[in-house]
Amino acid sequence: MARATATLRRAAIGTETTRLRATWRVLLAVPLLPLVGLLAARVQAAIGLRGMVAGGPVQGVIFLGVLVAWAALVDRRPISDYGVTASRRWVADLGVALLAGLAVWTAWHVLAANLGWFDLAAGPALGGGEVAGVVGVFASLAINTWVQDVVFFAIVLAVAAEGLHARGVGRHRAVLGGWLVGVLFFTAIHGTPTAIDAAATALGGAVFGLLYVHTGDLAATIGVHWASSFAAGPLFADPERARAVVHVTGTVPGVDAMAPALVLYPVTYLLVVGWLRVSRGDVGVDPGLATWTERTGGLFGTRGE
93 MARATATLRR AAIGTETTRL RATWRVLLAV PLLPLVGLLA ARVQAAIGLR GMVAGGPVQG
153 VIFLGVLVAW AALVDRRPIS DYGVTASRRW VADLGVALLA GLAVWTAWHV LAANLGWFDL
213 AAGPALGGGE VAGVVGVFAS LAINTWVQDV VFFAIVLAVA AEGLHARGVG RHRAVLGGWL
273 VGVLFFTAIH GTPTAIDAAA TALGGAVFGL LYVHTGDLAA TIGVHWASSF AAGPLFADPE
333 RARAVVHVTG TVPGVDAMAP ALVLYPVTYL LVVGWLRVSR GDVGVDPGLA TWTERTGGLF
393 GTRGE
């Protein structure tokens, strides 16, 4: 009986620390986004604010509080371990990834319009209307993207990688296994209605996750994710959408849905990886993602070696 109890304890908790073993913490991450969404909706209703522009900041403030509690009580990591750092390289990676994503999405729409697959027309923002609204959506999407990518990758991917490594899997393979878990989590939680949507979502999640795996932070991940969300929203929007930069009409069935999966995400990924090779000299798998390091110097302390 004692031996069985010891075996179960090692499986659930581990042998080196007294905290919950990393593998099981993936399950604890499942309700994070729904919980934040529910709390944000309640807060918005209470203060009388509606829509995406107000929703992003409200969601961000609530999630920051949840993340601080998660880091202190569950992960026992410093906040700096969740993919965002105050450095020039981080800001440069974010900017390049954002611009690369917007450039690829714009080039695709221009090419498709020239091929006659759909028509492009100036939206209200290009005419001087709804400019503030579009800027507000752009800023709100940045916050929403940060929230999602922290959960999907800086928490789920990293926790799964740590759990695999704790069970004897090599660090590189553990990170790749964590990446697969993160992609599955990303796809499942988005609730895609069709196989085409699921394929596009999965490939997007794969690209976002790979950029995190390559760099060990979320700058490039957030940049590409932010760009694609904005491009699929206000930048190239249906004619019925008031907050739009460009209106897209006459879409060929299936073409616009398949474009992200077959062309846009892979091309954007290659561009960003090219930048990472130039700026860093090498692009591979960051093995540090599979290793837990206890926070030092308090909650906002630096990551240990």
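Just so you know, we're using the working numbering here: the sequence shown kicks off at 93 and counts up by one.
We put the beta carbon where it would ideally sit given N, CA and C, even for glycine.
Model, not experiment: these values are computed from the prediction.
Proximity to G152 across P170, V166, R168 and L127 peaks at L127, based on C-alpha coordinates. Following the DSSP letters along the chain, one finds T307 inside the alpha helix (DSSP H) bounded by residues A287 to T307. Positions of the beta strand (DSSP E) runs, each at least 3 residues long and wholly inside the region 317-354, are given as 338-341 in order along the chain. In the DSSP assignment, L191 falls within the alpha helix (DSSP H) that extends over R180 to N206. Judged by pairs of C-beta atoms under 8 Å, the region 221-238 does not touch the region 350-367, as fewer than three such pairs exist. Where D241 is concerned, the enclosing alpha helix (DSSP H) starts and stops at V223 to D241.
In the DSSP annotation of this structure, the continuous segment of the beta strand (DSSP E) that includes A214 starts and ends at D211 to A214. Contact between F322 and F245 does not hold, since their C-beta atoms are separated by about 19 Å, which reaches or exceeds 8 Å. 8 Å or more divides the Cβ of R369 from the Cβ of V377.
Excluding residues up to 5 positions away in sequence, A121, L124 and L125 lie with their Cβ nearer than 7 Å to the Cβ of V243 in the same chain. Residues V128, L131, A132 and V135 of the same chain have their beta carbon placed closer than 8 Å to that of I154, with the five preceding and five following residues left out of the count. Shown here, L310 sits in coil according to DSSP, grouped into three states, outside any helix or strand.
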